[in-house]
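Here this note's numbering is used: the first residue of the sequence shown is 98, the next is one more, and so on.
Notes follow the structure.
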Amino acid sequence: MKMGTSPSVFLTATASVIALAASPAAAQSSDEIIVTGSRIAKSEFTSADPIQVIDPENAKLQGQVQLADILRSTPAAQGSIQITSAISNRFVANGGNDVQTVSLRGLGAERTLVLINGRRAGPAGIRGSVAPFDLNVLPLSVVRQVEVLKTGASSIYGSDAVAGVVNILTRDDLDGFEGGGFSSITEHGGGESYGADASFGKRFDRGHIFATVDVFRQQNLTRRDRGFLFCSEEYLKREADGSRADIVDFRTGRPTCSSTQGNQIAFSDFSGVDQNGFPTFGPGLIAPNGQAILSGQYGAEFAGVGIPINAYNPIGVFGPANFFGVNFDGPSTGALNQFEPVEQDSDVFSGVSRISAFVEGAYDVTDGITAYGEFLFSNRKSRNNGFQRIELQQFTGASMLPFFLCDPTAYNCDPNDLGDPFNAEFGGNIILRPRVLVKTESKADVDYYRGVLGLRGEIGGGWKWDVSGQHSRSDASYTQDVIYQDALASQTLRTRSCVGTTTAVRDVPCIDIDFTDPRVLRGDFTPAERAFLMGRETGRTLFKQTSAEALLTGKLFNLPAGSVGAAFGANIRRDEINDTPGEATLAGNVSNFTTSGITAGRTVSKEIFGEVEVPLLEGVPMIERLTLSGAARYTHVEATRRDGVQDKFSDTTWKVGADWAVTDWLRFRGTWGTSFRAPALFELFLQDQTGFLGQQAIDPCIQTAARLAAGAISQRIFDNCAADGIGSNFAGGFGPAVIASGGGIGRLKPETSTAKTVSVILTPDLSGALWGGLKTRLAVDYFDIEVKDEINLLGAGNILRGCYDSEVADEPLCGLFTRTAAGPDAQSVATVTDRYVNISRQRNRGVDLSLAVDQDLGNLGSLAFRAQMTWQVKDKVSLFPGTEVDDNGKIGNPKWVGDFNLGWMKGGWTLFYGLDVTGAASNAEDLFRAQGGDACRTSGFRPGGRFCPDVSVPATFYHSLSLSRDVAERFRITLGVANLFDTPPPRVSTVVTATPPVIGQAPAFGTQYDYLGRRFFLSVRGSL
């Protein structure tokens, strides 16, 4: 038998629905199809909606081996930030570590609905915030085609179809056996991927069956594997001559690596008592240049750049002879231990392995009734090597501070003691804050099951019915290394040994650890110390979705221009989540992670919907065909939390469209409609969480004088902190801030949106005008999507920074946190309220362009050229009225992206060239605003005059090249190179305010950029 897809597919597959010969979405009979974006069966592939058709065979020629890679490279997704392994393991992501989702138009994955064969697919993932569909569960080997509806469609498909719909169509074309394998090897090592699959299909008189087993493995990628992922240099340039102004590490002679600080001790300096007798903290250890000494490190090598702590004996501060204060000028800041080996060995991409099985079939029970079904199983295992930082507060060995700060009910101390007996080498009225980096590991194990059973048939008069049920189940466990909070509490602000006592939560025997010992600061714990401080816990997330749908479609009546088509239906769906964190998390006994309870609840959605398509005119002057369409849906959702608390909400959405064929080569189309998104289960039910974050992690008002001099905060933040009564040398409080967050049941309402599209499609016959065998197709689509009442969780650090970096007099963010009014922690952040709320508005509009050119070369074969581009005109988010943020053109959200493919086919050979382009981007506007209109500045830490951060990136080009050969129409081999010129991500500045987050030297949120580098891929496929 022949291969399931011939090499000539490159000619027929196109970047847009402008290729009318593209495969149908779901066959209803031999002459009718259903196109994504409609429930009405029709005889041709036409739609008022902009639809992009993706053929996976074309994508494989570029070396793309995962479904997520293909979808994220489409311009509708490529122009915005996507959730990758690098992001999900560094930031909180819905779905948890190593989830793979797709976000259209930058509106978020939870606003992009994913279907499998036209039916909603349940999500998969870990932790309580499972919501979007995880593309990991579906192997590329079962995908026949993907149709991307690039506008809202809640009136057709229900909740979540705000930015668009991704409809994944599975294969059903195999008759026999087929197998294949691939490997993608990176030139520099790390991130290699491998896969193999075997399929069987059988077509018979009354139906067919198709089955696949697929395995996939991807190696981890570490910081050490790529130079641009390794050291985070500041990348600052002097205004005068463009030379580098980076602080230099004297140990290497190269720019310092600005990263996580460890293997050091930070200081809080006692400066006296206030009128109430409570201690105050300010500059106590002052360098000769007037700057505060913020931390110190062990090592005789620091004698040339640091200040011996014993230089402060006159004010009663002393320490080991080889301990030096640093971070008070350029050379001493360059000497900071900021990029320790444990961080250098951490993963950027996790190691991932998957095994999947898929079965699909249909059988004609009678001549008019067909039974059909699908079954999908997937298991994903991922492992990530990371690190955490241990930081705690301790007294010196000779100190009067216990009298003021000791709380015997919370710490192992006595107010009458004179310091920490294990820190005898240090003395003075300062607080020591040891910082230790430790290696940690996290794992995820996700089992996903999905089954569909249905019947379809005809009832006469051209009417057809379809009744189906679907159930999906994601059963996942997640394991992580944790640092026990009760262990740290036993060592915090202690004045005596804890031996003979037990910890407050675990009730295990306490041991004493000398955190100021150089061995411990390096993270070199003994087995006993490590077992006391750290452990491993496993949580479980269960997400179930069950739905049933009935659909009736047919012709209402005939008009002169054709039959009026209609579709009516009803749907009921139950979604249920139960996330139970690990034992330590449930007990509130983890450091660096949020304490959370069990997130559990369910929603039941009931919907009725209808759609009509009216062929208004046909065959009149200027109107070859004019079709109008309309759709409406009513949705009612009832939500119930595990404790019985309930809420409910309803919404009605609608959509109208027009499809006007002026001639056989000119066509206009347009749509206007509303969509909505019901609150996700985690947004409703997330168990109230009480997290603890250190003051240094969230408060921009700590040490504002030093941080302003170092370029770490803006002048506006400095001024607003001062206006709030916080001194420029405020060192921050001892205790962490309490972060309260949770679900919003009873307070949330659905998000609503409005979407508009206008398109022009040109399919001129140029074969006679230019040369024979030329076919050209062009589509230009304008889109405008506005979302209201977006549900959001801001984050404690963003709340405080947004407050103090705002120009608005009554900034709403400032009302979401409190500061301690008096006492030892006066002015420190006390609480931050960060719950899911309806606060945001977002608008995204732009233009898509799709071009397809085919040229028959006769005996020389044929050429096919495809181009897809998106120009983003607006991408604005308003967290509150009057607080609008314009993300358009920023790094991660370029104004323009493009994808270009050229293929030459002849006699079983296919030569392919691909070019992906990410347009230039810049955060300069944010930088100017933060710096008061001037991007450049001076700093005593960086001599040589004014220096300027670089927060702009040029357009980036990624080339791919491959050659395929078909043998006897049964075997195919493809050999190629992706990222042909080994193009690295563009560089940006770090450290200075308004610079984007980075991994090494690469923008962390620039997910369009390639971290793997040049790689060679080989795929082999055969059939019997």
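Where a beta carbon is used, it is the ideal one built from N, C-alpha and C, also for glycine.
Reduced DSSP category for residue i - H, G, I as helix; E, B as strand; rest coil
{"i": "P121", "result": "Since pLDDT at P121 reaches only 32, below the 50 mark, its modelled position is unreliable, and no value is offered."}
{"i": "F1113", "result": "strand"}
{"i": "S726", "result": "strand"}
{"i": "I87", "result": "Any answer about residue 87 is impossible in this case: the structure gives the chain only from 98 up to 1121."}
{"i": "L246", "result": "strand"}
{"i": "S1120", "result": "strand"}
{"i": "G912", "result": "helix"}
{"i": "S688", "result": "strand"}
{"i": "G401", "result": "helix"}
{"i": "A625", "result": "helix"}
{"i": "G1103", "result": "coil"}
{"i": "F500", "result": "helix"}
{"i": "N520", "result": "helix"}
{"i": "Y1108", "result": "coil"}
{"i": "S126", "result": "Residue confidence for S126 is low, a pLDDT of 40 falling below 50, so the modelled location carries little weight; the figure read from the coordinates is stated next. Correct three-state label for S126: coil."}
{"i": "S103", "result": "For S103, the pLDDT reaches just 42, beneath the cut-off of 50, and the residue's location in the model is therefore unreliable, although a value from the coordinates is still provided. Looking at S103 - three-state DSSP - the assignment turns out to be coil, as it is neither helix nor strand."}
{"i": "A408", "result": "helix"}
{"i": "Y254", "result": "helix"}
{"i": "N513", "result": "coil"}
{"i": "R553", "result": "strand"}
For residue i: DSSP bridge partner residues
{"i": "F1044", "result": "R335 and R1034"}
{"i": "K478", "result": "S450 and D542"}
{"i": "K703", "result": "I669 and H733"}
{"i": "Q97", "result": "No statement about residue 97 is possible, as the shown extent of the chain runs from 98 to 1121 and does not include it."}
{"i": "P712", "result": "T724"}
{"i": "R547", "result": "L473 and S569"}
{"i": "N655", "result": "S660"}
{"i": "G631", "result": "First, the residue type needs correcting, since residue 631 is Met and not Gly in the sequence shown. M631 pairs with I580."}
{"i": "L1008", "result": "W1001 and L1060"}
{"i": "T309", "result": "S296 and F455"}
{"i": "V48", "result": "Beyond the ends of the chain as shown, which are 98 and 1121, falls residue 48; an answer cannot be given."}
Residue from the options whose Cα sits closest to the Cα of residue i
{"i": "T915", "options": "I836, K992 and D945", "result": "I836"}
{"i": "I344", "options": "Y332, E336, N264 and D338", "result": "Y332"}
{"i": "S355", "options": "F1102, L957 and A809", "result": "A809"}
{"i": "L805", "options": "K885, R1034, G662 and P776", "result": "R1034"}
{"i": "R1111", "options": "P229, P1081 and F622", "result": "P1081"}
{"i": "A206", "options": "G1041, V262 and G698", "result": "V262"}
{"i": "A1018", "options": "I383, W1001, G727 and P1051", "result": "P1051"}
{"i": "A803", "options": "V423, G359 and A295", "result": "V423"}
{"i": "S825", "options": "A834, I814 and P833", "result": "I814"}
{"i": "Y395", "options": "R619, G869, Y901 and Q784", "result": "R619"}
{"i": "A66", "options": "V1074, S185, V1117 and M1002", "result": "Because the chain in this structure spans residues 98 to 1121, residue 66 falls outside the shown range and cannot be described."}
{"i": "L897", "options": "D886, P909, V462 and I888", "result": "P909"}
{"i": "N941", "options": "K992, E904, I882 and A964", "result": "I882"}
{"i": "F1025", "options": "T357, R216, D902 and H733", "result": "D902"}
{"i": "S238", "options": "R300, E154 and G324", "result": "E154"}
{"i": "S937", "options": "S925, T928 and L976", "result": "L976"}
{"i": "S532", "options": "R341, F455, R699 and D621", "result": "Checking the sequence, you will find Arg at residue 532 rather than Ser. Residue D621 is the option with its Cα nearest to R532."}
Tell me whether the segment 842-857 and the segment 758-767 touch, counting them as touching only if at least three CB pairs, one residue from each stretch, are closer than 8 angstroms. When C-beta atoms of the segment 842-857 are compared with those of the segment 758-767, three or more pairs fall below 8 angstroms, so the two segments count as touching.
With three or more beta-carbon pairs closer than 8 angstroms as the criterion, would you say the segment 980-993 touches the segment 140-158? Because the criterion of three Cβ pairs below 8 angstroms is not met, the segment 980-993 and the segment 140-158 do not touch.
Query raised in the report: Does the segment 559-578 come close enough to the segment 634-647 that 3 or more CB-CB pairs lie under 8 angstroms?
Result: Verdict: yes, contact present.
For the structure I just gave you, are there three or more beta carbon pairs, one from the segment 277-286 and one from the segment 1097-1115, closer than 8 angstroms? Of all C-beta pairs linking the segment 277-286 to the segment 1097-1115, three or more are shorter than 8 angstroms, placing the two stretches in contact.
Item to check | Runs of beta strand (DSSP E) lying entirely within the segment 161-242, each at least 3 residues, in chain order | outcome: For the segment 161-242, whole beta strand (DSSP E) runs of length 3 or above, ordered along the chain, are 209-213.
Q.
Any contact between the segment 192-212 and the segment 227-237? By contact I mean 3 or more CB pairs, one from each, below 8 angstroms.
A. The segment 192-212, when compared against the segment 227-237, does touch it at the 8 angstroms Cβ threshold.
Checklist line | contact_flag[the segment 475-485, the segment 533-549] where n(CB pairs < 8 angstroms) is 3 or more | finding: Judged by Cβ distances under 8 angstroms, the segment 475-485 makes contact with the segment 533-549, as three or more pairs qualify.
- With contact counted as at least three CB pairs below 8 angstroms, one residue from each stretch, are the segment 710-718 and the segment 679-692 in contact? Under the 8 angstroms Cβ criterion, the segment 710-718 does not count as touching the segment 679-692, having fewer than three qualifying pairs.
Looking at C-beta atoms only, is the number of pairs between the segment 692-708 and the segment 657-674 that lie closer than 8 angstroms three or more? Short answer: they touch.
Given 8 angstroms as the limit, is there contact between the segment 251-270 and the segment 1064-1083, that is, 3 or more CB pairs closer than that? Segments in contact, no.
inquiry  = Assess contact between the segment 1003-1010 and the segment 956-965, defined as three or more Cβ pairs (one per stretch) separated by less than 8 angstroms. Is contact present?
reply    = The segment 1003-1010 vs the segment 956-965: in contact.
| Do three or more CB pairs link the segment 777-788 to the segment 732-746 at distances below 8 angstroms? | Look at the beta carbons and you see the segment 777-788 touching the segment 732-746: at least three pairs across the two are nearer than 8 angstroms.
query = Quick one: complete beta strand (DSSP E) runs, 3+ long, within the segment 315-362?
reply = 333-335, all fully within the segment 315-362.
- Message: I'd like to know if the segment 505-520 and the segment 586-603 are in contact, where contact means that at least 3 CB-CB pairs between them fall below 8 angstroms.
- Response: The segment 505-520 vs the segment 586-603: in contact.
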